[in-house]
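Here is the structure we will look at, set down as structure tokens.
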Amino acid sequence: MIELKNKNVIITGGSRGIGPVIAESLIINGANVAISARSESALQNVAGHLSKTGSKVLTVAVDLNIQSQRELLVDSVLKEFGTIDILINNAGLETEGAYAELPWTAIQETVEVNLLAPMALTRLILPLMLMNKSGHIINIASIAAKSGAPYAAVYSGTKAGLAEWTRGLRLELAGTGVRFSTIFPGYVTEVGMFARFGKKSPWIIGSCSPNQVAKAVLNVIQKRKIEIIVNSRPLRYSFIINELSPKLGDWLMHISKAVDFQRRKIGK
Ligand SMILES: NC(=O)c1ccc[n+]([C@@H]2O[C@H](COP(=O)([O-])OP(=O)(O)OC[C@H]3O[C@@H](n4cnc5c(N)ncnc54)[C@H](OP(=O)(O)O)[C@@H]3O)[C@@H](O)[C@H]2O)c1
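Just so you know, we're using the numbering used here here: the sequence shown kicks off at 530 and counts up by one.
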């Protein structure tokens with residue numbers, strides 16, 4: 530099992546939702562953690578809670594939409610920690626709505642945060658990891674990467690892109706010592722973008738807790754897993770159906786009321 534003690538980790542989206550839960554589980558296992566997001570005050574709140582554990586906690590307030598701020602994040606962490614062992618691309622935006630009605634700026638922002646920012650941060654850190662012959666990039670995708678979600682099609686597209694980009698890099702850089710993993714959470718209860726919606730998810734989709742997502746992150750690090758779907762239902766079978774027969778997969782989404790659920794989620 531790989532030790533987390535004294536490993537230096539960056540986690541984006543560390544100000545609220547799932548990010549702080551992941552950060553806490555890493556710190557409990559001895560890692561030093563840099564949490565990042567735009568809101569300095571929210572980061573300080575989270576850090577105040579995390580610092581009680583003894584590991585180093587750094588906060589870096591940046592907007593991941595802006596390349597110079599992505600560079601600032603990496604530079605600040607290197608200055609404080611000396612090196613970076615693990616990058617967890619967790620920050621994300623769920624832009625929902627009828628696609629034809631979405632403002633172009635909302636579409637652009639979603640692609641920037643969910644896909645381009647992980648690509649950019651990885652590009653900034655990868656040369657160091659390759660030089661060290663060690664490192665781990667962990668990307669938080671979604672089950673929406675496996676089955677396109679209606680009224681969240683842009684979100685799905687970014688998450689599918691994130692997952693396949695990760696796989697491509699994993700294959701390209703096998704044997705270099707740098708690892709790449711993807712986590713696919715389902716609807717997360719208690720905290721985060723789905724919990725704020727305040728409704729129960731459809732039976733076919735089920736849900737998961739933020740602690741289960743944090744455990745999956747620990748598992749990809751410590752047990753060298755490459756992909757984990759975190760969900761209460763055996764959704765992988767429906768993903769196999771999608772691959773074998775997209776028509777049957779679409780039909781299942783309609784009869785299970787998953788499409789209606791997504792429509793109601795945006796108030797239509
Ligand atoms: N919650 C779920 O049900 C669920 C399910 C599947 C996958 N996921 C994925 O899990 C990850 C975390 O989701 P969550 O539910 O915890 O989300 P959340 O509660 O909405 O938190 C999003 C985080 O991203 C940060 N962020 C957003 N835009 C940013 C920007 N431009 N620059 C820097 N930071 C930014 C936010 O901080 P600031 O606003 O302060 O910047 C916040 O810390 C996301 O990638 C999401 O897609 C979530």
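Virtual Cβ for every residue (Gly too), placed ideally from N, Cα, C.
Give me the residue from the options with the minimum Cα distance to residue i.
i, options, result
"Gly840", "Ala649, Ile617 and Pro679", "Only positions 530 to 797 of the chain appear in the structure, and residue 840 is not among them; the question remains open."
"Trp694", "Ile666, His578, Leu555 and Leu587", "Ile666"
"Gly559", "Leu579, Gln573, Ala566 and Gly543", "Leu579"
"Ala678", "Ala627, Ala571 and Leu700", "Ala627"
"Ser544", "Met530, Ile557 and Leu587", "Leu587"
"Ile539", "Met530, Gly546 and Ile556", "Ile556"
"Met530", "Lys752, Ile758, Leu650 and Arg793", "Lys752"
"Arg792", "Ser554, Gly778 and Pro731", "Pro731"
"Ala745", "Leu533, Glu772, Ile551 and Thr541", "Ile551"
"Leu653", "Asp604, Leu777, Val749 and Ser685", "Asp604"
"Val606", "Ile595, Glu532 and Leu650", "Leu650"
"Asn535", "Asp614, Lys581, Ala566 and Asn574", "Asp614"
"Leu533", "Ser767, Leu747, Lys797 and Glu600", "Leu747"
"Lys754", "Arg696, Pro775 and Trp780", "Arg696"
"Glu553", "Glu569, Ser568, Gly583 and Arg567", "Gly583"
Counting only the same chain and skipping the five closest in sequence on each side, list residues whose C-beta sits under 6 angstroms from that of residue i.
i, result
"Glu756", "Thr711"
"Val683", "Thr624, Ile636 and Thr639"
"Lys662", "Gly706"
"Lys585", "Asn561"
"Leu698", "Phe709"
Using only the heavy atoms of ligand 1, determine whether one of them is closer than 7 angstroms to the beta carbon of residue i.
i, result
"Gln679", "One point to set straight first is that residue 679 is Pro, not Gln, in the sequence displayed. No - ligand 1 has no heavy atom lying nearer than 7 angstroms to the Cβ of Pro679."
"Thr541", "yes"
"Tyr716", "yes"
"Phe790", "no"
"Ser568", "yes"
"Arg545", "yes"
"Arg636", "One detail in the question is off: residue 636 reads as Ile in this sequence, not Arg. For ligand 1, not one heavy atom lies less than 7 angstroms from the Cβ of Ile636."
"Val603", "no"
"Met648", "no"
"Val589", "no"
"Gly727", "no"
Using a Cβ-Cβ cutoff of less than 7 angstroms, which residues in the same chain neighbour residue i once the five nearest sequence positions on both sides are dropped?
i, result
"Gln598", "Val591 and Asp592"
"Leu622", "Glu638, Thr639, Val642 and Asn643"
"Thr687", "Thr639, Val640, Asn643 and Leu644"
"Ala576", "Ile564, Val586 and Thr588"
If you drop the 5 nearest sequence neighbours on each side, which residues of the same chain put their C-beta closer than 8 angstroms to that of residue i?
i, result
"Ile547", "Asn619, Ile669, Pro714, Val717, Val720, Gly721, Pro739, Val742 and Ala743"
"Gly735", "Gly715, Tyr716, Asn760, Ser761, Arg762 and Leu764"
"Phe610", "Asn537, Asn561, Ala563, Lys585 and Leu587"
>> Report the start-end ranges of each alpha helix (DSSP H) in the region 735–793 that is 4 residues or longer and not cut off at the edges.
In response: 739–751, 765–773 and 775–784
> Which ranges does the beta strand (DSSP E) cover as unbroken runs of at least 3 residues, wholly within the region 585–635, from first to last along the chain?
Replying inline: 586–590 and 615–618
> Going along the chain, which unbroken runs of the beta strand (DSSP E) with 3 or more residues stay wholly within the region 684–739?
Replying inline: 707–714
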